[in-house]
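Read in order, the letters of the sequence shown are residues 1 to 346 in full-length UniProt numbering.
Built from N, CA and C at the ideal position, the CB exists for glycine as well.
Since the model is a prediction, treat every value here as computed from it, not as a measurement.
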Amino acid sequence: MSSQKALYLLQAKGQFAIKERDIQEPGPNEVLVEIHATALNPAEWKVQTYGIFITEYPAILGCDAAGIVKKVGAGVTDISVGDRILFQGDYGNRYATFQQYSVMPAELVARIPQNLTLDQASSVPAAAATAALGFYNPKEAGGIALTAPWEEGGRGKYADEPILIIGGSSAVGQQAIQFAKLSGFSPIITIGSLRNEAYLKSLGVTHVIDRAAPLSALPAAVKAITSKPVKVAYDAISELETQNAAYDVLAPGGKLIIVLTGAVGKDKITSEKEISNVHAWVHTPDQREVSKILYANLTGLLESGAIKPNNIEVLPGGLAGISEGLERLKRGISAAKLVVHPQETA
Ligand SMILES: NC(=O)c1ccc[n+]([C@@H]2O[C@H](COP(=O)([O-])OP(=O)(O)OC[C@H]3O[C@@H](n4cnc5c(N)ncnc54)[C@H](OP(=O)(O)O)[C@@H]3O)[C@@H](O)[C@H]2O)c1
1 MSSQKALYLL QAKGQFAIKE RDIQEPGPNE VLVEIHATAL NPAEWKVQTY
51 GIFITEYPAI LGCDAAGIVK KVGAGVTDIS VGDRILFQGD YGNRYATFQQ
101 YSVMPAELVA RIPQNLTLDQ ASSVPAAAAT AALGFYNPKE AGGIALTAPW
151 EEGGRGKYAD EPILIIGGSS AVGQQAIQFA KLSGFSPIIT IGSLRNEAYL
201 KSLGVTHVID RAAPLSALPA AVKAITSKPV KVAYDAISEL ETQNAAYDVL
251 APGGKLIIVL TGAVGKDKIT SEKEISNVHA WVHTPDQREV SKILYANLTG
301 LLESGAIKPN NIEVLPGGLA GISEGLERLK RGISAAKLVV HPQETA
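Next comes the structure, spelled out in structure tokens:
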């Protein structure tokens with residue numbers, strides 16, 4: 001078989017349409033994967049709505065995926081045909097995942113352990129990378145340079161240090177909670193809807209602050225939980241109000257990780273607190289080194305349950321279900337990843 005179906009965004013701010021395209025050949029050190037599950041991300045509705053990130057159309061989007069290896073390119077030794085893998089593709093047609101087959105650099109895929117389905121596995125890559133690269137990348141690559149749990153002495157290193165994670169119920173927040181737990185942080189305080197409290201605690205959160213409470217009360221709410229200085233905050237929402245509230249909570253010497261453009265007021269920025277803007281595009285040169293190590297460790301972390309997949313909801317219709325799924329994501333969903341099955345496309 002040489003042809004496949006792919007979902008194209010036809011033009012900037014345009015419509016999606018399913019079209020046939022050739023299945024690509026894996027180049028050296030790449031694998032060809034048959035995509036069985038791809039998860040939706042907010043960036044995709046933002047690309048469609050605002051015309052950002054993409055310069056060449058028609059364009060295939062999608063970056064979270066899981067599937068089965070069909071071919072390996074020259075030089076690939078660790079991954080074999082038939083392996084179940086998860087990976088973070090890239091927008092632009094070669095590595096994008098809103099298609100039935102994609103190629104991927106073999107160093108940026110992880111085998112899926114038996115305890116995870118392909119659907120569950122597809123929920124992990126982008127969120128895990130956004131969390132891990134924020135925590136463990138060097139400052140110049142958008143991180144705060146914590147010692148990673150896979151480095152010597154990294155697991156549990158930050159024991160008894162508090163951390164604030166804004167938006168723990170988001171896909172990124174759920175992974176940030178779990179990496180914070182691996183790094184030893186305690187207490188792990190998050191802001192989220194109280195309906196998700198039990199779920200968030202199952203991931204490692206110790207305290208949930210109701211997101212319905214005013215953010216102006218956040219410093220006092222955190223002080224009521226811990227008297228220790230908060231030196232690390234991860235804002236998985238990164239709206240104007242959340243960034244400013246997180247910055248207010250940080251003690252001198254503190255570090256704030258944000259996932260969108262910086263919005264902390266110029267009047268309150270001080271040299272005593274750092275802000276790092278994570279860019280979780282694992283393919284780009286400045287993200288690649290830590291990403292490779294993350295992927296080398298991901299199978300074990302998932303197999304042991306140290307990192308759990310997000311909650312998922314599978315949408316019907318294969319690639320045709322994506323457009324409506326992105327509309328739902330834009331309206332806002334709670335603690336769930338929307339997943340489609342490209343192989344079920346009519
Ligand atoms: N920089 C990067 O590389 C990068 C990578 C990935 C994502 N992102 C960005 O990160 C953001 C999160 O992405 P995602 O996929 O994790 O989103 P998501 O899963 O769709 O987020 C939905 C969740 O956000 C929570 N939420 C919304 N507003 C909140 C607030 N004010 N306070 C607390 N919780 C709030 C909701 O929590 P409740 O259910 O508890 O109400 C809901 O569960 C997006 O803006 C995305 O574009 C950036």
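By the criterion of a C-beta distance shorter than 8 Å, THR299 is surrounded in its chain by ALA110, ARG111, ILE112, PRO113, once the five residues flanking it on both sides are discounted.
The beta carbons of PRO252 and GLU239 sit no closer together than 8 Å. Using a Cβ distance threshold of 8 Å, SER122 and ALA66 count as a contacting pair. Taking all protein chains in view, the Cβ of ILE322 is crowded by 16 or more other Cβ atoms within 10 Å, so the residue is classified as buried.
Below 8 Å, too few C-beta pairs join the segment 322-341 and the segment 184-191 to call them touching: fewer than three.
If you check the C-beta of THR284 against ligand 1, you find no heavy atom less than 7 Å away.
Each residue's CA atom was taken as its position, placing GLU241 and ALA320 some 36 Å apart.
DSSP links MET104 through a beta bridge to VAL31. The C-alpha of LYS268 is placed about 14 Å away from the C-alpha of GLY254.
For LEU294, the uninterrupted alpha helix (DSSP H) segment begins and ends at 285-304. Scanning the segment 41-118 from its first residue to its last, the whole alpha helix (DSSP H) runs of 4-plus residues come out as 42-50.
In the DSSP assignment, ASN277 forms a beta bridge with ILE258. Closer than 7 Å to some heavy atom of ligand 1: that describes the Cβ of GLU239. Annotation for GLU20: SER3 place their beta carbon closer than 6 Å to its own, counting only its chain and skipping 5 residues before and after. Boundaries of the beta strand (DSSP E) harbouring SER3: 3-9, taken from the DSSP string.
By the Cβ neighbour-count rule, LYS139 is exposed, with fewer than 16 other Cβ atoms within 10 Å of its own. Between TYR234 and ALA176 a beta carbon distance of about 5 Å is seen, short of the 8 Å cut, so the two are scored as contacting.
Under the Cβ criterion (8 Å, minimum of three pairs), the segment 52-66 counts as touching the segment 10-17. Its Cα nearest to that of ALA131, the residue VAL259 stands out among VAL259, LEU315, ASN311. GLN88 sits close to VAL282, with the two beta carbons spaced by under 8 Å. About 13 Å separates the beta carbons of ALA17 and GLN99, which is beyond the 8 Å limit, so they are not a contact pair.
DSSP places PHE16 in the uninterrupted beta strand (DSSP E) bounded by 16-22. Looking only at VAL33, GLY265, TYR8, SER291, the smallest Cα-Cα distance to GLU107 is reached by SER291.
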